[in-house]
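Peer 1: Below is the structure I would like to discuss, written out as structure tokens.
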Amino acid sequence: MIVGNRMTKEPITVGPDDLLIRASHKMQAGGFRRVPVVSEGKLVGIVTERDVREHHGHLEHTKINGAMTENPLTVTPATTLEEATQILLERQIGGLPVVADGRLIGIITASDILNAFLDVMGASHGGSTRMDLVLEGEEHGLVEATRIVAREGGEVLGIGTYRQKPGEDPVCYLRLISGTPEKISKALRASGFNVLGIHRIGTKEV
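At position 124 of the sequence shown (counting the first as 1) the number is 199 in my numbering, and the numbers step up by one without a gap.
In structure tokens:
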């Protein structure tokens, strides 16, 4: 997955000679925490909610170019979400301007990446359930697991793997959008699968 598919296109911007009060109003109206600063179509900086707070009481008299971060870190539309996430974590920032051919075309934020994560996990689909299990050989492999799910009236929305700790065996998860999870789990366990748990958003785990 790449930034260009998940970014906010044509973001709200301000100019370097605008006053901070203008940036503050735009952030409040849009519900966001940063605004790219653009001059003649090119990105020259970024001003954040923190910058506004630091100049509280002087917003009507302070130009944005006196408070913004110049030459901010950027990514391109072809940057992977993994790389963008690493930059956000390492630099402890909440968003990155997206630039192509020297011009600002979007912004990617931590919220955009979290939404993408939910989509990949299948968790953005209302009413879905994640079932975690260990796959062990063909007899207790993915093909047999999905066959049992289908037999018990379940439908698999997504499949993936993760490791709870580095070096541990991967755990497989099935994202189910139909069927009775407890019934499916019981059938899998009866067939010898090691079902680790059933996970629902906003409810207790089974």
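A virtual CB, placed ideally from N, CA and C, is assigned to each residue, including glycine.
Measuring only the C-alpha atoms, how far is Ile-180 from Gly-228?
Peer 2: As a first step, residue 180 is located in the sequence shown; it is residue number 105 there, counting from the start. As a first step, residue 228 is located in the sequence shown; it is residue number 153 there, counting from the start. For Ile-180 and Gly-228, the distance between alpha carbons rounds to 46 Å.
Peer 1: With H, G and I counted as helix, E and B as strand and the rest as coil, what does DSSP make of Val-281?
Peer 2: Counted from its first residue, the sequence shown places residue 281 at position 206. With a pLDDT of 44 at Val-281, under the threshold of 50, the predicted position of this residue should be treated as unreliable, and no value is reported.
Peer 1: If you count every other CB in all the chains shown that lies within 10 Å of the CB of Thr-88, and 16 or more means buried, which is it?
Peer 2: Within the sequence shown, residue 88 is the residue found at index 13, counting from 1. The residue is buried, with at least 16 neighbouring Cβ atoms inside 10 Å.
Peer 1: Less than 8 Å between the beta carbons of Leu-148 and Arg-166, yes or no?
Peer 2: By one-based count along the sequence shown, residue 148 stands at place 73. By one-based count along the sequence shown, residue 166 stands at place 91. A contact, by the Cβ cut-off of 8 Å.
Peer 1: Alpha carbon to alpha carbon, what distance is there between Gly-233 and Lys-258?
Peer 2: Taking the first residue of the sequence shown as 1, we reach residue 258 at position 183. Taking the first residue of the sequence shown as 1, we reach residue 233 at position 158. Approximately 19 Å, taken between the alpha carbons.
Peer 1: Taking only three categories from DSSP, how would you classify Ala-175?
Peer 2: To locate residue 175, count along the sequence shown from 1; it is residue 100. Ala-175 falls in the strand class under three-state DSSP.
Peer 1: According to DSSP, simplified to helix, strand and coil, what is Pro-91?
Peer 2: As a position in the sequence shown, residue 91 is number 16, starting the count at 1. In the structure shown, Pro-91 sits in coil (DSSP, three-state: anything other than H, G, I, E or B).
Peer 1: Mapping DSSP to helix, strand and coil, what is Lys-258?
Peer 2: As a position in the sequence shown, residue 258 is number 183, starting the count at 1. The answer is helix: DSSP assigns Lys-258 an H, G or I state.
Peer 1: Val-246 lies in the beta strand (DSSP E); which residues open and close that run?
Peer 2: The sequence position of residue 246 within the sequence shown is 171, counting from 1. Unbroken beta strand (DSSP E) run through Val-246: 246-253.
Peer 1: Using 8 Å as the cut-off, can you tell me whether the segment 134-146 makes contact with the segment 78-95, which would need three or more C-beta pairs spanning the two stretches below that distance?
Peer 2: These segments touch.
Peer 1: Opposite Asp-207 in the DSSP bridges: which residues?
Peer 2: Residue mapping note: residue 207 aligns to position 132 of the sequence shown, counting from 1. DSSP output for Asp-207 lists Tyr-248 and Gly-272 as bridge partner(s).
Peer 1: DSSP state of Arg-264, grouped into three classes?
Peer 2: Translated into the one-based positions of the sequence shown, residue 264 becomes position 189. If DSSP states are grouped into helix, strand and coil, Arg-264 belongs with the helices.
Peer 1: Here's the rule I'm using: 16 or more other beta-carbon atoms within 10 Å means buried, otherwise exposed. How should Tyr-237 be labelled?
Peer 2: The residue labelled residue 237 in the question sits at position 162 within the sequence shown. Per the 10 Å Cβ criterion, exposed.
Peer 1: Is the beta carbon of Gly-235 sitting closer than 8 Å to the one on Tyr-248?
Peer 2: Taking the first residue of the sequence shown as 1, we reach residue 235 at position 160. Taking the first residue of the sequence shown as 1, we reach residue 248 at position 173. Cβ atoms of Gly-235 and Tyr-248: closer than 8 Å.
Peer 1: With DSSP as the reference, label Arg-238 as helix, strand or coil.
Peer 2: Reading the sequence shown from its first residue, position 163 is the one you call residue 238. Coil at Arg-238, not helix or strand.
Peer 1: Please work out which residues of its chain come closer than 6 Å, Cβ to Cβ, to Glu-230, disregarding the five sequence neighbours upstream and downstream, and give them in chain order.
Peer 2: Along the sequence shown, read from residue 1 onward, the residue named residue 230 stands at position 155. Here the set comprises Ile-252 and Ser-253.
Peer 1: Count the other CB atoms within 10 Å of the CB of Thr-278; is the residue buried (16 or more) or exposed (fewer)?
Peer 2: Counted from its first residue, the sequence shown places residue 278 at position 203. Caution applies to Thr-278, whose pLDDT of 49 falls short of 50 and renders its modelled position unreliable; the value that the coordinates give is listed next. Exposed.
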